[in-house]
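Chains H and V supply the protein sequences, listed in that same order. When we follow the numbering used here, the leftmost residue of the first sequence carries the number -19, and every step to the right adds one. When we follow the numbering used here, the leftmost residue of the second sequence carries the number 104, and every step to the right adds one. All C-beta atoms in this analysis are idealised placements derived from N, C-alpha and C, irrespective of residue type, glycine included. Structure first, commentary second.
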Amino acid sequence: MRIAAVADIHFGPESAGTFRPHLEGIEDRADVLLLAGDLTRVGEPAEARVLADELADLPVPVVAVLGNHDFHGERPGEVIDALVRGGIRVLEGETFTFEKGGMRLAVAGVKGFGGGFMGASGSEFGEPEMKAFIKHTRARAERLSEALAAEEADVKVALLHYAPIPETLQGERLEIYPFLGSYLLAEAIDRVGADLALHGHAHAGSERGVTPGGVQVRNVALPVIGRPYKVYCFGTEGCDDEDALSGRLVRASGTAAG
Amino acid sequence: MSEQPDAYTAAHVQEALARDGRVGELGIGVDISDHLVTVQGIVSTEERRAAIEQVVGELLPDHEIRNRIVVEPIGDAGEAEVIS
């Protein structure tokens, strides 16, 4: 199973025609394309329509979660409608499943939210606004757990916009970590188990990390990966074909790479 | 009342660049000194780079603008990673 992923493509009206050329031949390198939020610049439905047109008739399924930018226009329902009309599956607490070569993939998607990480996180304490902030994150984390548990699969992927761990934020200013993610998301992933967690949001962060429970985490923000998408491969089919994967293979088994 | 310190003005410009529908960028660095505004960061299109300069110019018409925003092109698909 070959999973292509990218986040933070921030489409605006002027972005038409800028992304599709980079997706030519994706079907030779990946079985599915995951978009980890911030699909639009400021959450205008017109921006989502430009992206939907850009991805129309792509030969692999496209699955997405929204990011904070996609909420800025306060019309997330219309943004989702535009994406769905373009054939993009948008998840918020749901699970997308896909089978190929006898392998079953389940993608559990939520936007997530902030709050910070162990030892430096917000609590449901004090003003109602602070309680609402953390409650929102906790609710997203619970939906992530439920979505991960909803389907049996050979490969389970948690698709987020916000980060579940601080390691993939390295490069960002420490002061903004609480706005970039929450440990509650990692806890939700570790509670149920997954093979990979993908997120974006942290443009100056780092690509690789691992949850306390051992789940691999990748920050696929476009500025971090520096390419239109990154491919993550599970199993054997297609994973040992360097030509098909279009480049050098890097084997990551949690601790060692090379 | 004395003139607002440049640090506050820079923070408000940074917030405006996030909110303004022509830009919508949260990671733009803004520095102001002696009526010179320096903006820096990475965006994906030339149009967005120009929009940043336009918004800053509207907010601070009496300041000179040094635009150090970089437009970063998207690279090739590149290598894959096998997770086992």
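Closest residue to residue i among the options (Cα-Cα distance)
i: Leu140 (chain H); options: H:Leu128, H:Gly96, H:Val90 and H:Phe159; result: H:Val90
i: Leu163 (chain V); options: V:Leu129, V:Gly144 and V:Asp137; result: V:Asp137
i: Arg151 (chain V); options: V:Ile168, V:His166, V:Glu161 and V:Ile172; result: V:Ile172
i: Gln117 (chain V); options: V:Arg125, V:Asp109 and V:Gly132; result: V:Gly132
i: Tyr209 (chain H); options: H:Gly(-3), H:Phe(-9), H:Leu14 and H:His(-10); result: H:Leu14
i: Ala26 (chain H); options: H:Ile60, H:Gly5 and H:Ala44; result: H:Ile60
i: Leu202 (chain H); options: H:Leu19, H:Asn48, H:Ile6 and H:Leu71; result: H:Leu19
i: Asp37 (chain H); options: H:Glu131, H:Ala143, H:Pro144 and H:Ile68; result: H:Ile68
i: Leu124 (chain H); options: H:Ala184, H:Gly102, H:Tyr163 and H:Leu63; result: H:Tyr163
i: Val64 (chain H); options: H:Ala32, H:His181 and H:Ile114; result: H:Ala32
i: Ala138 (chain H); options: H:Gly180, H:Phe105, H:Phe51 and H:Met98; result: H:Gly180
i: Ala154 (chain V); options: V:Ala110, V:Leu139 and V:Ala121; result: V:Ala121
i: Arg171 (chain H); options: H:Glu122, H:Ala(-13), H:Glu132 and H:Ala182; result: H:Glu122
i: Ala166 (chain H); options: H:Leu71, H:Gly96 and H:Glu74; result: H:Gly96
i: Ala133 (chain H); options: H:Val45, H:Ala182 and H:Phe78; result: H:Phe78
i: Ala183 (chain V); options: H:Asp11, H:Lys111 and H:Gly(-8); result: H:Asp11
i: Ser187 (chain V); options: H:Arg207, H:Val204, H:Leu178 and H:Gln196; result: H:Gln196
i: Gly130 (chain V); options: V:Ala110, V:His166 and V:Ala119; result: V:Ala119
i: Lys73 (chain H); options: H:Glu131, H:Ala(-4), H:Arg120 and H:Ala100; result: Note that residue 73 (chain H) is Gly in the sequence shown, not Lys. The option with the nearest alpha carbon to Gly73 (chain H) is H:Arg120.
i: Ala180 (chain V); options: H:Glu4, H:Gly66 and H:Ala(-13); result: H:Glu4
i: Gly127 (chain V); options: H:Asp(-12), H:His2, H:Gly(-3) and H:Ala16; result: H:Asp(-12)
i: Arg188 (chain H); options: H:Ala112, H:Arg207, H:Ile114 and H:Ile145; result: H:Ile145
i: Ile177 (chain V); options: H:Ser(-5), H:Leu154, H:Ala112 and H:Pro41; result: H:Ser(-5)
i: Arg147 (chain V); options: H:Gly(-3), H:Gly99 and H:Phe113; result: Here residue 147 (chain V) is Ser; the residue named in the question, Arg, does not match the sequence. If we check each option's Cα against that of Ser147 (chain V), H:Gly(-3) comes out closest.
i: Ala130 (chain H); options: H:Phe105, H:Ile169 and H:Ala112; result: H:Ile169
Those residues which DSSP pairs with residue i across a bridge
i: Arg198 (chain H); result: H:Leu178 and H:Arg188
i: Val172 (chain H); result: According to DSSP, Val172 (chain H) bridges with nothing at all.
i: Gln150 (chain H); result: H:Glu152
i: Asn48 (chain H); result: None, per the DSSP bridge assignment.
i: Ser249 (chain H); result: Look at the range of chain H in this structure, -19 to 238, and you will see that residue 249 (chain H) is not part of it.
i: Leu13 (chain H); result: H:Ala(-16) and H:Val42
i: Cys213 (chain H); result: H:Arg(-18) and V:Val185
Neighbourhood of residue i by C-beta, 6 angstroms cutoff - its chain only, sequence neighbours within 5 removed
i: Val135 (chain H); result: Met(-19), Leu85, Asp175 and Phe214
i: Glu149 (chain V); result: Val174
i: Phe(-1) (chain H); result: Glu34
i: Thr112 (chain V); result: Ile135
i: Gly194 (chain H); result: none
i: Phe76 (chain H); result: Val43, Arg69 and Val87
i: Val185 (chain V); result: none
i: Ile205 (chain H); result: none
i: His2 (chain H); result: Pro208
i: His166 (chain V); result: His138 and Val140
i: Met104 (chain V); result: A caution first: Met104 (chain V) carries a pLDDT of 48, below 50, which makes its placement in the model too unreliable to give a value.
Cβ neighbours of residue i in the same chain (closer than 7 angstroms, five flanking residues each side left out)
i: His116 (chain H); result: Phe93
i: Ser233 (chain H); result: The predicted model places Ser233 (chain H) with a pLDDT of 31, which falls under 50 and marks its position as unreliable, so this point remains unresolved.
i: His49 (chain H); result: His(-10), Asp18, Thr20, Arg21, Val22 and Gly23
i: Pro108 (chain V); result: none
i: His115 (chain V); result: none
Contacts around residue i, its chain only, beta-carbon distance under 8 angstroms, and the 5 residues preceding and following it disregarded
i: Glu54 (chain H); result: Gly23
i: Thr235 (chain H); result: The pLDDT assigned to Thr235 (chain H) is 27, lower than 50, so where the model puts this residue is not dependable; a value taken from the coordinates is nonetheless given after this. Excluding sequence neighbours, Thr235 (chain H) sits near nothing in its chain.
i: Leu149 (chain H); result: Ala143, Tyr157, Leu160, Gly161, Ala182, Gly185, Ser186 and Asn199
i: Glu104 (chain H); result: Met110, Lys111, Ile114, Lys115 and Arg118
i: Gln157 (chain V); result: Arg125
Amino acids of chain C, ordered along the chain, whose beta-carbon sits closer than 7 angstroms to that of residue i
i: Arg21 (chain H); result: Absent from the structure: chain C. Protein chains present are H and V.
Please go through the segment 114 to 165 of chain V and give each complete alpha helix (DSSP H) segment of 4 or more residues, from N-terminal end onward.
Counting only runs of at least 4 residues, the segment 114 to 165 of chain V fully encloses the following alpha helix (DSSP H) elements, listed from N- to C-terminal order: 149 to 162.
In chain order, which beta strand (DSSP E) runs of at least 3 residues are fully inside the segment 53 to 82 of chain H?
Counting only runs of 3 or more, we get 74 to 80.
At a CB distance below 8 angstroms, what residues from the segment 200 to 212 of chain H approach chain V? Give them in sequence order.
Under the 8 angstroms Cβ criterion, the segment 200 to 212 of chain H contributes Leu202, Pro203, Gly206, Arg207, Pro208, Tyr209, Lys210, Val211 and Tyr212.
Which residues, in order along the segment -13 to 0 of chain H, keep a beta-carbon less than 8 angstroms from a beta-carbon of chain V?
Residues passing the 8 angstroms Cβ filter: Ile(-11), His(-10), Gly(-8), Glu(-6), Ser(-5), Thr(-2) and Phe(-1).
Which runs of the beta strand (DSSP E) at least 3 residues long sit entirely within the segment 88 to 142 of chain H? Give them in chain order.
Given a length threshold of 3 residues, each whole run of the beta strand (DSSP E) inside the segment 88 to 142 of chain H is given here in chain order: 135 to 139.
Which of the residues in the segment 160 to 193 of chain H, read from start to end, lie with their CB under 8 angstroms from any CB of chain V?
Per Cβ criterion, the list reads Asp175, Leu176, His183 and Ala184.
Which residues, in chain order, does the segment 149 to 175 of chain V contribute to contact with chain H at a C-beta distance below 8 angstroms?
Those would be Glu150, Arg151 and Glu175, in chain order.
Between the segment 66 to 91 of chain H and chain V, which residues of the former have CB atoms less than 9 angstroms from a CB of the latter, in chain order?
Those residues of the segment 66 to 91 of chain H that come within reach of chain V (Cβ to Cβ, closer than 9 angstroms) do not exist; the list is empty.
Given a limit of 9 angstroms on CB to CB distance, which residues of the segment 34 to 53 of chain H reach chain V?
Within the segment 34 to 53 of chain H, the residues whose Cβ lies closer than 9 angstroms to some Cβ of chain V are Asn48, His49, His52 and Gly53, listed in chain order.
Give, in chain order, every residue of the segment 2 to 13 of chain H whose Cβ lies closer than 7 angstroms to some Cβ of chain V.
Residues His2 and Arg9.
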